[in-house]
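Following: one structure in structure tokens, then a few remarks.
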Amino acid sequence: MDARNDSLQRIILITGASGFTGSHACRYFAGEGMQVAAMVRHISEDDKVEGVQYYTCDLLDKKGIEELVGTIAPDYVLHLAGKNSVPESWTEPVLYMETNVLPTLYLLNALRPYPFCRILITGSMLVFPLYPPFRPPHPYGLSKSLQKAAALSWKELFGQAIILAEPSNLIGPGPSRGFCSLLGQHISAWERGETDEAFHIPSRIIRRDFLDVRDAVIAYKILLEQGLPGEIYSVRSGKEYTLGEITDLYMDIFEKPFPIEWGEGENSSQGNPKNTAPRMKGLDWEPSIPLRTSLTDVLEYFRTCGGDSK
1 MDARNDSLQR IILITGASGF TGSHACRYFA GEGMQVAAMV RHISEDDKVE GVQYYTCDLL
61 DKKGIEELVG TIAPDYVLHL AGKNSVPESW TEPVLYMETN VLPTLYLLNA LRPYPFCRIL
121 ITGSMLVFPL YPPFRPPHPY GLSKSLQKAA ALSWKELFGQ AIILAEPSNL IGPGPSRGFC
181 SLLGQHISAW ERGETDEAFH IPSRIIRRDF LDVRDAVIAY KILLEQGLPG EIYSVRSGKE
241 YTLGEITDLY MDIFEKPFPI EWGEGENSSQ GNPKNTAPRM KGLDWEPSIP LRTSLTDVLE
301 YFRTCGGDSK
């Protein structure tokens, strides 16, 4: 790495910086003394993190990405940008390929003149093996599988320091379209009298691994600094909860029942393959935020902000 790179001068470029994980990443890396260059399509002044330099750029703009990377010359890149809604991917499958795959290659290609730069691409636990028979669970899973294959192939072709992270279901305060955020938002709206409808949950017994986003961004920093290029790291809590257990914990935090409509879905693994890879492959990281704290913070976020999940 070049000579400028002491602990107070390292530059990290974060894509998708205005999103749920991106905003937490900006706050954390700035607090760690890094110069944070945040790539966004748009952001309001109220949503900006103090001490972070924001750059407006669309990841589909190949020339714009090249110019931005040339301006910043980052030491690290945390690539968070992309689309991640499974339901939306069924109605806009080509858009998901365009957004999650091609911009990743635009970004990696723009970084080729900077061999010192370490790049972390955040994937998904919903990927599937890219060999016959192909059984993608949904277009979103296909897009992230293609992104993964492209990034690892690019590393072999051009020798860039590309590392992959596959996080589980990230939760915590802030706008998100995940289950815990949607339920927390509904509870706060019900509490304010804005709705009297029951929240529909497909099944009590569906199991998921949930990880606080604030623990995840700490893991991302460790991977950027210590991860091996070409490796795939599982970033998860290591403990699964049923949606029924999550709902019961919310009721305990809320201290009174709220209306729920339960479906009869089964705990199918389709679309949510079980991750058996060693967590972080032995790197020194453990999640520190208890699930109850995460859910309490989600509920408090929607109570105080009244915000929409994005």
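Here our numbering is used: the first residue of the sequence shown is 1, the next is one more, and so on.
Ideal Cβ positions, reconstructed from N, Cα and C, are used throughout, including at glycine.
Predicted model, so just to flag it, every value in this text is computed and none were measured.
- F199, enclosing beta strand (DSSP E) - first and last residue: Reading the sequence shown from its first residue, position 199 is the one you call residue 199. Residues F199 to I201.
- Message: Suppose the cutoff is 6 Å on Cβ atoms and the five residues either side in sequence are ignored; what does the same chain contact list for Q35 look like?
- Response: Start at 1 with the first residue of the sequence shown, and residue 35 comes out as number 35. Hits under 6 Å: I11.
- Given a threshold of 16 other Cβ atoms within 10 Å of its Cβ, counted over all protein chains shown, does Q53 qualify as buried or as exposed? Taking the first residue of the sequence shown as position 1, residue 53 is located at position 53. Exposure of Q53 is indicated by the presence of fewer than 16 other C-beta atoms within 10 angstroms of its C-beta.
- Is DSSP giving I65 helix, strand or coil here? The residue given as residue 65 occupies position 65 in the sequence shown. Looking at I65 - three-state DSSP - the assignment turns out to be helix.
- Leaving out five residues on either side along the sequence, give the residues of the same chain with a beta carbon under 8 Å from the beta carbon of D196. Within the sequence shown, residue 196 is the residue found at index 196, counting from 1. When the five nearest sequence neighbours on each side are left out, the beta carbons in the same chain lying within less than 8 Å of the beta carbon of D196 are those of W190 and P259, in order along the chain.
- Task: Using three-state DSSP, classify T177 as helix, strand or coil.
- Result: By 1-based counting over the sequence shown, the position of residue 177 is 177. It is worth fixing the name first, because residue 177 is Arg in this sequence and not Thr. Assigned with DSSP and collapsed to three states, R177 falls in coil, not helix or strand.
- Item | Continuous beta strand (DSSP E) stretch holding N169: start and end | Within the sequence shown, residue 169 is the residue found at index 169, counting from 1. From DSSP, the beta strand (DSSP E) with N169 extends over N169 to I171.
- Query: Looking only at C-alpha atoms, which of V235, V77 and D46 sits nearest to Y38?
  - Reply: Taking the sequence shown and counting its residues from 1, one reaches residue 38 at position 38. The identity of residue 38 in the sequence shown is Ala, whereas the question assumes Tyr. Ranking V235, V77 and D46 by CA distance to the CA of A38 puts V77 first.
- In or out: G70 buried (at least 16 other Cβ within 10 Å) or exposed? As a first step, residue 70 is located in the sequence shown; it is residue number 70 there, counting from the start. G70 comes out exposed.
- Looking only at its own chain, which residues have a Cβ that is under 8 Å from the Cβ of W90, when we skip the five neighbours before and after it? The residue labelled residue 90 in the question sits at position 90 within the sequence shown. Once the five neighbours on either side are set aside, the close Cβ partners of W90 are H138 and P139.
- Query: So, helix, strand or coil for D58, using DSSP?
  - Reply: Reading the sequence shown from its first residue, position 58 is the one you call residue 58. Annotated three-state conformation of D58 is coil, per DSSP.
- Around the C-beta of Y131, are 16 or more other C-beta atoms found within 10 angstroms, so that it is buried, or is it exposed? One-based indexing of the sequence shown puts residue 131 at position 131. By the neighbour-count rule (16 or more Cβ atoms within 10 Å), Y131 is not buried but exposed.
- Task: May I ask you to list the residues that DSSP assigns as paired with Y53?
- Result: Residue 53 sits at position 53 when you count from the first residue of the sequence shown. Strictly speaking, residue 53 in this sequence is Gln, with Tyr absent from that position. For Q53, which the question treats as bridged, DSSP gives the partners A37.
- Item | Cβ-based burial, V298 [other Cβ within 10 Å; buried from 16] | Translated into positions along the sequence shown, residue 298 becomes position 298. That one is buried.
- Kindly provide the ranges of any beta strand (DSSP E) runs that are 3 or more residues long and lie completely inside the segment 89-157, ordered along the chain. Segments of the beta strand (DSSP E) lying fully in the segment 89-157: 118-122.
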